[in-house]
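Trainee: Before we start, here is the structure in question, set down as structure tokens.
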Amino acid sequence: DTVKNGNLQSDDTPFVFSETLLREAARHSDLKYCFPTAGAALANENAIKICYQKHAPASRVIAFQDCFMGRTVTMCQIGDSAAARVGVPLSTQIDYMPFYDAVEAARVGVAAHIDAHVKLLETFFHRYPAQHACFIFELVQGEGGFNTAPTEYFRALMECCRAHGVAVWDDEIQSFGRTTNMFAYETMGVGDLVDIMTVGKMTQACATLYTEKYNPKPGLLSGTFTDASVAFSVGNRLLERLRDGDYYGEEGRIAAHHAAFKAQVEALAARRPDWFPANERVPAITGGIGGMMRFTPFGGDKAKVMKACRTAFDEGVVLFYCGHDPYHIRMLPPLGVMRLEDWPRVFECVERGLAKV
């Protein structure tokens with residue numbers, strides 16, 4: 015007599031979904047438990063509660079600059095966007111780490127750039143000893159600009175967190191399923207250092223996964239509703255298709271789509287170089303990873319990029335923007351159904367849209 019599952023009544027769909035997700039997650043991590051929920055922000059709320067309880071009375075959180083975490087009271091405070099928390103009392107203590115900067119790394123050297131970030135992280139730990147509950151890692155920044163970083167960068171920061179007893183939280187709400195592996199931590203080679211992970215969006219149902227060490231005490235996680243049976247059933251089938259399909263690996267479908275996207279942008283830039291002026295803050299006109307794709311026309315100018323999204327929509331293609339000075343156009347194509355031969359048609363719409371800017 016109800017379509018939703020919860021703490022008082024449930025069918026087996028949340029358990030089947032959780033077991034499938036955990037089997038895949040455990041292949042390259044120590045993640046052992048799964049708590050499903052109806053929304054991505056709720057998955058993040060459950061994650062931060064786990065961190066707070068484990069490391070009580072530590073109350074500070076570390077996150078990357080330009081991150082996005084969700085719209086709940088706590089998550090909108092952690093997200094690095096002032097406009098998203100206007101009028102909200104600021105009750106969460108946050109320290110922001112700069113994300114890996116490919117331009118700066120090229121200037122000073124990758125090792126020196128990583129060392130500087132580790133030193134900054136150590137500064138936070140010494141300024142607020144034993145007061146940090148977690149460091150939230152977006153392995154691929156979404157709102158921040160589809161930014162990526164090398165494995166050694168993430169490992170250095172995560173190992174520093176481990177040394178100071180701070181939880182490593184891998185936020186894969188957007189990146190799950192979209193890199194060249196099912197999990198971004200597999201692609202980045204950091205699964206052994208992940209304590210907590212959150213997933214959503216592509217998984218249909220959302221969830222918080224955690225290791226034995228972070229298994230919370232009874233009473234911390236519960237809810238009248240988790241999600242509808244159809245969300246778990248579809249989510250489970252999606253996990254099976256990702257697992258059994260040809261999406262992943264360097265020769266997989268996702269890698270092929272990213273290469274096709276990149277080729278289309280480069281061809282467009284060759285035809286219209288005036289649309290892609292040089293900007294020292296833009297190391298390449300294309301970026302992102304796998305199914306998280308970005309390109310940077312008009313030198314990353316915010317007004318022009320936002321207008322391009324609108325005019326391209328009028329021409330038949332859905333685009334969005336990301337980043338902060340420079341701004342980029344981002345794509346999250348439906349790679350489960352999209353064909354490689356669709357890309358020229360997509361970029362015909364893109365080109366018509368950009369011509370109107």
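Every position in the sequence shown, counted from 1, becomes a number in the numbering used here once 14 is added.
Heads up, the beta-carbon is just placed ideally off N, CA and C, and yes, glycines get one too.
1. Less than 8 Å separating the beta-carbons of Tyr110 and Gln79?
2. If you reduce the DSSP assignment to three classes, tell me which class Ile187 lands in.
3. Quick check on DSSP: helix, strand or coil for Val202?
4. Excluding the 5 residues preceding and the 5 following Asn293 in the sequence, name in chain order all residues of the same chain whose CB lies nearer than 8 Å to its CB.
5. Is there contact between the stretch 172–188 and the stretch 197–216, where contact requires at least three CB pairs shorter than 8 Å?
6. Per DSSP, which one or two residues make a beta bridge with Lys18?
7. Give me the Cβ distance between Thr34 and Glu226, rounded to the nearest whole Å; I'm assuming they're in contact under 8 Å.
8. In terms of alpha-carbon separation, which member of Arg353, His342, Met352, Gly350 lies closest to Leu368?
9. Run the CB neighbour count on Thr201, radius 10 Å, all protein chains shown included, and call it buried at 16 or more, exposed below.
10. Within a Cβ cutoff of 6 Å, which residues of the same chain sit near Val248, ignoring the five residues on either side of it in sequence?
11. Do Ala221 and Thr51 have their C-beta atoms within less than 8 Å of each other?
12. For the beta strand (DSSP E) that Val132 lies in, which residues bound it at each end?
13. Can you tell me whether Ala317 is buried or exposed? The criterion is at least 16 other CB atoms within 10 Å of its CB, across all chains shown.
14. For Gln107, list the residues DSSP reports as bridge partners.
15. If you draw a straight line from the alpha carbon of Val204 to that of Lys370, how long is it in whole angstroms?
16. Can you give the beta carbon distance from Gly18 to Ala242, rounded, assuming they're within the 8 Å contact cut?
Mentor: Result, derived from the coordinates:
1. yes
2. coil
3. Checking the sequence, you will find Met at residue 202 rather than Val. Helix at Met202.
4. Here the set comprises Thr310, Gly313, Gly314, Pro340.
5. yes
6. Answer by DSSP bridge pairing, in chain order: Ala242.
7. At roughly 20 Å, the Cβ-Cβ gap does not stay under 8 Å, so Thr34 and Glu226 are not in contact.
8. His342
9. buried
10. Scanning its chain for C-beta atoms nearer than 6 Å, with the 5 sequence neighbours on each side dropped, one finds around Val248 the residues Gln218, in chain order.
11. yes
12. Per DSSP, Val132 belongs to no beta strand (DSSP E); it is in the alpha helix (DSSP H), 124–141.
13. exposed
14. Gln107 is bridged by DSSP to Arg74.
15. 43 Å
16. According to the sequence provided, residue 18 is Lys. The question's Gly does not apply to it. That belief holds up - the Cβ atoms of Lys18 and Ala242 are roughly 5 Å apart, short of 8 Å.
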